[in-house]
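Listed in order, the protein sequences are those of chains A and B. Note that my numbering has the first sequence beginning at 1, numbered continuously upward. Note that my numbering has the second sequence beginning at 1, numbered continuously upward. Right, one structure below, let's go through it.
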Amino acid sequence: MNFFTKIYYQYQRIIKALTLYFILAGPGIIVMVADNDAGGITTYAATGAKYGYDMIWFLLLLLPVAYFVQEMTVRLGAVTKHGHAEAIFSAFGPFWGWFSLLDLTLVNWLTLVTEFIGMTAALSIFGLPPYLTVIGVILLMGVIVFNGSYWTWEKIAMLFCFLNLIYIPAAFMVHPSIPAVLSQGIIPHFPGGMNNDLFFFMMANIGTTIAPWMLFFQQSSVVDKGMREKDIFWGKLDTLIGAVFTIVVAIFIVIVTGTLLKGVEIESASQAAQVLMQKDKYVGTFLAIGLFNAGFLGAVCISLASSWAFGEVFGWAHSLNTKIKEAPWFYAFYFLILISAGIVVLIPGAPLVLITLFVQVVAVTLLPAALVFLILLLNDERIMGEYRNGLMLNIINWTIVIVIIILSTLYGLSALFPEFFKG
Amino acid sequence: MRKLFTALFDKIGEINRKYATPTIRMSPMTRVALLALRFYLIFLVLLLLYKFVTLLKG
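See below:
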């Protein structure tokens, strides 16, 4: 009897823990999956096409990088109840505050344009004209956001996250050699030796793993969700699951293109989908659907990150739990950046390639600052109390931050001065 | 339009006053990190200017 009582007790505990997790899950998974945006899918597809399975080990290394950076935003949001923009204004004053806010707005808007480029390219494979894609996306985003409930928005966004798993069946459909994936992919090595090309791909993969908007988005999301100190464990677990999710998806994209497109020069994910269509109709279709989904999820999160940041600083009502009448500026700003980015893609002859390159350069001006502010805030005992970084976390986080700053700076410079990085 | 801009500048002034005093503890690590950030950004701005000038000349 005692034995069965114990089993029943354990069962109840697990059910309770799972229920609590599903209530608190969201920001971590959404931010991590949205990180596999249109630009991310292009980077992974190009990496697979260039190096086959040889760079899978490097993607695995990015898992702890993504986790350790993003979990800091969970703690900061849950303890201060402020978004990242407001936290920077409050802690570092107006100079750094305005710099971060305006830089974030610019880089987010440029990234939004790239998401629209990805979405229109993906649906044009199915014959849908770009203007219909742009209108459809904006309407769909309106429907998702205007329901006046953070919880509903989050669960809809999580449905789109699960659509990101489409690359997993696609990878199995191309029948990769599992022994080859394991033997070539898991053991760290530099295919063809360390050269400029490989270094560029490594920088690009890091650049897509941590983006400035992710810090702002997750912290604001944690605040809007109403997470408190006691929820930090679940927020961290959510972030870890999201990091695993995003790296697994990245690996499966590499497997798809590494199996079917090895040796093919890939410049965009839509080009990869088109080439794949000729080899396997269904796999190509899956890649195109995945690209649209990635761009859509990225656009949802990026536009929200900007609106939350402005709302926090300007003191507007800025919660998804509010209706349009209660938070008109928040929603107006959200749609202003969304619609303007969508229109740019429709302008004939718009410098879209230049914009894509410019994103990398502008991101480099914001990412180091946002990361340094984050780590400094996490070390302030008056702000964080018992949740501040310990010695081990500081060693890990400073190492990660310094490596990210160096590599993302080199990545940005490679966009600015490509001639310096050609081997 | 004029009212809108006046309201906007008033709001910016209000934000500047609200956050005028940084709340972070200015430890040596914080000072060094902020100084390094300033140098880093100046370096980037100079590089961007150099690129802009070479583009204009080219």
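Cβ coordinates follow ideal geometry from the N, Cα and C atoms, glycine included.
Going by CA-CA distance only, name the one from the options that's closest to residue i.
i: serine 270 (chain A); options: A:Ile383, A:Leu24, A:Asn293 and A:Thr259; result: A:Asn293
i: threonine 322 (chain A); options: A:Asp224, A:Glu381 and A:Leu101; result: A:Asp224
i: glutamate 265 (chain A); options: A:Met194, A:Tyr44, A:Lys236 and A:Gly311; result: A:Tyr44
i: isoleucine 156 (chain A); options: A:Tyr167, A:Ile144, A:Leu165 and A:Ile166; result: A:Ile144
i: tyrosine 21 (chain A); options: A:Phe116, A:Phe92, A:Leu76 and A:Ile232; result: A:Ile232
i: isoleucine 162 (chain A); options: A:Ile402, A:Met32 and A:Ile375; result: Going by the sequence as given, residue 162 (chain A) is phenylalanine instead of isoleucine. With distances taken between Cα atoms, phenylalanine 162 (chain A) lies closest to A:Met32.
i: phenylalanine 330 (chain A); options: A:Gly148, A:Met55, A:Ala38 and A:Thr73; result: A:Gly148
i: tyrosine 53 (chain A); options: A:Gly385, A:Leu261, A:Val401 and A:Ala341; result: A:Leu261
i: isoleucine 355 (chain A); options: A:Leu276, A:Val134 and A:Ala415; result: A:Ala415
i: leucine 123 (chain A); options: A:Thr133, A:Glu115 and A:Thr114; result: A:Thr133
i: threonine 23 (chain B); options: A:Ser307, A:Ala91, A:Asn397 and A:Thr111; result: A:Ala91
i: tryptophan 308 (chain A); options: A:Ser319, A:Ile23 and A:Ile395; result: A:Ser319
i: leucine 291 (chain A); options: A:Phe116, A:Ile402 and A:Phe172; result: A:Phe116
i: threonine 42 (chain A); options: A:Gln12, A:Ala17, A:Met158 and A:Ala121; result: A:Ala121
i: valine 256 (chain A); options: A:Pro129, A:Thr285 and A:Ile125; result: A:Thr285
i: threonine 259 (chain A); options: A:His175, A:Val244 and A:Asn389; result: A:His175
i: isoleucine 404 (chain A); options: A:Leu367, A:Asn379 and A:Arg382; result: A:Leu367
i: glutamine 184 (chain A); options: A:Glu326, A:Asn196 and A:Met55; result: A:Met55
i: phenylalanine 99 (chain A); options: A:Val362, A:Ile178, A:Trp316 and A:Gly390; result: A:Val362
i: leucine 18 (chain A); options: A:Phe333, A:Trp234 and A:Val300; result: A:Trp234
i: tyrosine 131 (chain A); options: A:Leu106, A:Ser177, A:Ile343 and A:Ile400; result: A:Ile343
Could you tell me whether any Cβ in chain B is nearer than 8 Å to the Cβ of residue i?
i: alanine 309 (chain A); result: no
i: arginine 382 (chain A); result: yes
i: serine 414 (chain A); result: no
i: threonine 105 (chain A); result: no
i: proline 368 (chain A); result: yes
i: alanine 211 (chain A); result: no
i: phenylalanine 358 (chain A); result: no
i: leucine 376 (chain A); result: yes
i: proline 348 (chain A); result: no
i: tyrosine 94 (chain A); result: Contrary to the premise, residue 94 (chain A) reads as proline rather than tyrosine in this sequence. Answer yes: the Cβ-Cβ gap between proline 94 (chain A) and chain B drops below 8 Å somewhere.
i: threonine 365 (chain A); result: yes
i: phenylalanine 89 (chain A); result: yes
i: phenylalanine 314 (chain A); result: yes
i: valine 223 (chain A); result: no
Can you have a look at residue i and say buried or exposed, based on whether 16 or more other CB atoms are within 10 angstroms of its CB?
i: phenylalanine 200 (chain A); result: buried
i: threonine 21 (chain B); result: exposed
i: tyrosine 19 (chain B); result: buried
i: valine 345 (chain A); result: buried
i: methionine 202 (chain A); result: buried
i: valine 359 (chain A); result: buried
i: histidine 82 (chain A); result: buried
i: isoleucine 302 (chain A); result: buried
i: proline 94 (chain A); result: buried
i: asparagine 164 (chain A); result: buried
i: lysine 50 (chain A); result: buried
i: glycine 118 (chain A); result: buried
i: serine 268 (chain A); result: buried
i: aspartate 10 (chain B); result: exposed
i: tryptophan 153 (chain A); result: buried
i: isoleucine 402 (chain A); result: exposed
i: glutamate 71 (chain A); result: buried
i: leucine 413 (chain A); result: buried
i: tyrosine 8 (chain A); result: exposed
i: arginine 31 (chain B); result: exposed
i: alanine 36 (chain B); result: exposed
So is residue i in contact with chain A if we call contact Cβ pairs under 8 Å?
i: isoleucine 24 (chain B); result: yes
i: threonine 6 (chain B); result: no
i: isoleucine 42 (chain B); result: no
i: lysine 57 (chain B); result: no
i: lysine 3 (chain B); result: no
i: leucine 46 (chain B); result: no
i: leucine 37 (chain B); result: yes
Considering only residues of the same chain and omitting the five flanking positions on each side of residue i, which have a CB-CB separation below 8 Å?
i: valine 313 (chain A); result: Ala85, Glu86, Phe89, Gly97 and Leu101
i: leucine 198 (chain A); result: Tyr51, Phe190, Pro191 and Gly192
i: isoleucine 339 (chain A); result: Ile138
i: phenylalanine 58 (chain A); result: Pro188, Met202 and Asn205
i: tyrosine 411 (chain A); result: Phe200, Met203, Ala204, Ile206, Gly207, Gln360 and Val364
Give every residue of the same chain whose Cβ lies closer than 6 Å to the Cβ of residue i, excluding the five residues on either side of it in the sequence, and list them in chain order.
i: isoleucine 206 (chain A); result: Leu407
i: serine 221 (chain A); result: Pro27
i: glycine 40 (chain A); result: Thr208
i: tryptophan 213 (chain A); result: Asn108, Ile302 and Ala305
i: valine 246 (chain A); result: Valine is not the amino acid found at residue 246 (chain A); the sequence shown has threonine there. Met32, Val33, Asp35 and Asn36.
i: lysine 3 (chain B); result: none
Spatial neighbours of residue i within its chain, please: CB distance less than 7 Å, with the 5 preceding and 5 following residues excluded, ordered by chain position.
i: phenylalanine 146 (chain A); result: Ile324
i: leucine 215 (chain A); result: Thr73, His84, Ala370 and Leu374
i: isoleucine 396 (chain A); result: Phe68
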